[in-house]
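Reading the sequence shown from the start, the letters are residues 1 to 46 in my numbering. Glycine included, C-beta positions come from ideal geometry on N, C-alpha and C. Beneath this line is the structure, given in structure tokens, with notes to follow.
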Amino acid sequence: KEDLLDEKVKDILKEKLTEIRNSNIDYYEMFRLIKSKLAEQENIVL
């Protein structure tokens with residue numbers, strides 16, 4: 001389940017990559033935040 005979650009997060013980040021780069025946001029921090037949020041929504045314990 002966690003691998004699937006990682007793939008979803010990567011897909012979301014791919015769509016927003018330009019925005020992330022332009023905003024000077026840390027990719028890994030954003031990955032962690034999105035993964036945490038998706039896990040919460042899908043009731044996955046990390």
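With a threshold of 16 other CB atoms inside 10 Å of the CB of residue i, please say whether the residue is buried or exposed.
i: LYS1; result: exposed
i: LYS37; result: exposed
i: VAL9; result: buried
Name the two residues that bound the continuous alpha helix (DSSP H) containing residue i.
i: GLU2; result: 2-15
i: GLU42; result: Careful: GLU42 lies outside any alpha helix (DSSP H) and carries neither H nor E.
Kindly indicate if chain C contains any beta-carbon less than 8 Å away from that of residue i.
i: THR18; result: You won't find chain C in this structure, because it holds only one protein chain.
From residue i to residue j, what does the alpha carbon distance come to, in whole angstroms?
i: VAL29; j: ILE12; result: Rather than Val, the amino acid found at residue 29 in this sequence is Glu. Taking the straight line joining both Cα atoms gives about 14 Å.
i: LEU4; j: ILE34; result: 13 Å
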